[in-house]
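*Asks:* Take a look at this one; I'll ask things after.
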Amino acid sequence: RENMGAIENCGFYDTGIRERMVRQKELENHFEEAVSQRQFEVYYQPKYDVKGGRFYGAEALVRWNSPVEGMIPPGVLVPVFESNSMIIRLDEYIFEQVCRQIRQWLDRGFAVQPVSVNISRLHLYQKGFVERYLDLIRRWHVPPGLVELELTETVMFDNEELLGETLQGFRREGVPILMDDFGSGYSSIQLLRSMPIDNLKIDKGLVDDSTERPKLQKILASVIGLAQSLNIQVTAEGVETKDQYDLLKRMNVDYIQGYYCAKPMPCGEYEKLVYENTGGREVF
Ligand code: C2E
Ligand code: MG
Ligand code: MG
Ligand code: MG
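Just so it is clear: in the sequence shown, position 170 is 638 by UniProt numbering, and no numbers are missing.
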């Protein structure tokens, strides 16, 4: 009898777990459905090569066109998918879409430029993460360097040893690593030195008020100088005005990504902009 009581009491927890599992299952079914119905779309935001005076490369950003909820932006989608680990599958799916797209551009004879893909910090703890991604690159015959990985700076603090091994695994195969959102949290200068990072993306938060705040300009200038002295290129994110653009250009930033240059756009529009129109002429 005592046992029965204990089991009944546990029933409360059982329902909770059951509900969670059902909910998880629902989301998983949703995900399969969304994939098979092509509801996830990759948008491309062009990056501008300041010294070269032309667009060069892009960041892939997911969009979910849900028939029920409408267009769900990544700011909403990513945190939900991170809380139930679905982000692992979403990121891998987006990564493969990008590999496939690069393959298609190559087959069409374009001089293909790199595309960077966002990778959730949860990947770090997935067994076989590096091999799975390298397999996709090989399967689609993507030459090294054309697909890049963006990891946010917050990932970098979790487990330095694991992170170092992971990044080296990609570096050995020629996959460039970009550190995303630098300056949004407790940025570590030490990590710039110890990790194999190819490109540092300065967070929009540092760019936003830069034109009005001399102190911020000093910080920006020294971060840019420091990164470049370590052979790390620098991209400024979220540049919206000509003043910001001019300031960052004076500071010798390598790439600019922001609405001032171009917004994220569907693949077809990106192709027109980069592979059919500009022909190397200076835009800004
Ligand atoms: P992020 O990786 O830092 O990407 C840049 C974000 O800033 C994008 O937002 C882009 O549209 C936006 N942005 C670019 N220039 C400007 C500008 O001048 N002004 C303003 N206001 N915004 C600008 P988006 O597409 O909404 O993505 C938000 C975040 O969601 C991304 O930030 C990234 O952390 C995450 N994300 C997007 N796609 C994926 C994905 O496939 N996987 C994962 N794990 N995360 C993703
Ligand atoms: Mg990013
Ligand atoms: Mg960013
Ligand atoms: Mg960001």
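Glycine included, every Cβ here is placed at the ideal spot set by N, Cα and C.
In this text, all values refer to a predicted model and were calculated from it rather than measured experimentally.
Taking DSSP as the reference, what is the three-state secondary structure of F508?
*Replies:* Within the sequence shown, numbered from 1, the residue matching residue 508 stands at position 40. Three-state DSSP puts F508 in a strand.
*Asks:* Compare the Cα-Cα distances from E560 to each of V544, L574 and H591 and report the closest residue.
*Replies:* For this step, residue 560 is matched to residue 92 along the sequence shown. For the residues V544, L574 and H591, the minimum Cα distance to E560 belongs to H591.
*Asks:* Tell me whether S697 sits in a helix, a strand or coil according to DSSP, three-state version.
*Replies:* Taking the first residue of the sequence shown as position 1, residue 697 is located at position 229. In this structure, S697 counts as helix in the three-state DSSP scheme.
*Asks:* Should D676 be listed as close to ligand 5, given that the test is whether its C-beta is under 7 angstroms from any heavy atom?
*Replies:* For ligand 5, the structure offers nothing, since it holds only ligand 1, ligand 2, ligand 3 and ligand 4.
*Asks:* Is it buried or exposed for V510, if we count other Cβ within 10 angstroms and need 16 for buried?
*Replies:* Translated into positions along the sequence shown, residue 510 becomes position 42. By the 10 Å Cβ count, V510 comes out buried.
*Asks:* Within the present structure, is the beta-carbon of D648 separated from the nearest heavy atom of ligand 3 by less than 7 angstroms?
*Replies:* As a first step, residue 648 is located in the sequence shown; it is residue number 180 there, counting from the start. It does: the Cβ of D648 is within 7 angstroms (strictly closer) of some heavy atom of ligand 3.
*Asks:* Considering W573, what are the terminal residues of the alpha helix (DSSP H) in which it resides?
*Replies:* Here residue 573 is taken as the residue at index 105 of the sequence shown, counted from 1. W573 -> alpha helix (DSSP H) spans M554 to D575.
*Asks:* Out of P547, S584, F523 and V580, which has the shortest C-alpha to C-alpha gap to E618?
*Replies:* Here residue 618 refers to the residue found at position 150 of the sequence shown. For the residues P547, S584, F523 and V580, the minimum Cα distance to E618 belongs to S584.
*Asks:* Identify the continuous beta strand (DSSP E) that holds G525 and give its terminal residues.
*Replies:* Here the question's residue 525 lines up with position 57 in the sequence shown. Per DSSP, G525 belongs to the beta strand (DSSP E) from R522 to S534.
*Asks:* For the structure I just gave you, are there three or more beta carbon pairs, one from the region 567-577 and one from the region 491-509, closer than 8 angstroms?
*Replies:* No: the two stretches stay apart, fewer than three of their Cβ pairs being nearer than 8 angstroms.
*Asks:* With distances taken from CA atoms, which of Q725, N699 and G632 is nearest D649?
*Replies:* Translated into the one-based positions of the sequence shown, residue 649 becomes position 181. Closest option to D649, Cα to Cα, is Q725.
*Asks:* Using only alpha-carbon positions, find the residue among F563, G596, F578 and E628 that is nearest to E616.
*Replies:* If you number the sequence shown from 1, residue 616 lands on position 148. Cα-wise, what sits closest to E616 is F563.
*Asks:* Can you check which of these residues, I687, F638 and Q581, is closest to L602 by C-alpha distance?
*Replies:* If you number the sequence shown from 1, residue 602 lands on position 134. The residue with the shortest Cα to Cα distance from L602 is F638.
*Asks:* To which residues of the same chain is L558 closer than 6 angstroms at the C-beta, ignoring the five residues directly before and after it?
*Replies:* Reading the sequence shown from its first residue, position 90 is the one you call residue 558. Taken in chain order, the residues that qualify are F549.
*Asks:* Closer than 7 angstroms: is that where the CB of E550 sits relative to any heavy atom of ligand 3?
*Replies:* Reading the sequence shown from its first residue, position 82 is the one you call residue 550. Checking every heavy atom of ligand 3 against the Cβ of E550, none is found closer than 7 angstroms.
*Asks:* Which residue from Q507, S504 and V518 puts its Cα closest to that of V721?
*Replies:* For the purposes of this step, residue 721 is taken as the residue at position 253 of the sequence shown. The option with the nearest alpha carbon to V721 is V518.
*Asks:* For K740 and G613, what's the separation of their Cα atoms in angstroms?
*Replies:* For the purposes of this step, residue 740 is taken as residue 272 along the sequence shown, with counting starting at 1. For the purposes of this step, residue 613 is taken as residue 145 along the sequence shown, with counting starting at 1. When rounded, the distance between both Cα atoms is 22 angstroms.
*Asks:* Could you tell me whether the Cβ atoms of P644 and D666 are closer together than 8 angstroms?
*Replies:* Along the sequence shown, one-based indexing puts residue 644 at 176. Along the sequence shown, one-based indexing puts residue 666 at 198. In this structure, D666 lies closer than 8 angstroms to P644 by Cβ.
*Asks:* Looking at the unbroken beta strand (DSSP E) that takes in S584, where does it start and where does it end?
*Replies:* As a position in the sequence shown, residue 584 is number 116, starting the count at 1. Taken as a continuous stretch (DSSP letters only), the beta strand (DSSP E) holding S584 covers V583 to N586.
*Asks:* Measuring CB to CB, does T709 end up less than 8 angstroms from Y728?
*Replies:* Here residue 709 refers to the residue found at position 241 when the sequence shown is read from its first residue. Here residue 728 refers to the residue found at position 260 when the sequence shown is read from its first residue. For T709 and Y728, yes; Cβs fall inside 8 angstroms.
*Asks:* Can you tell me which of L646, V544 and I670 puts its alpha carbon nearest to the alpha carbon of L716?
*Replies:* Sequence index remark: in the sequence shown, residue 716 carries index 248 (1-based). Closest option to L716, Cα to Cα, is I670.
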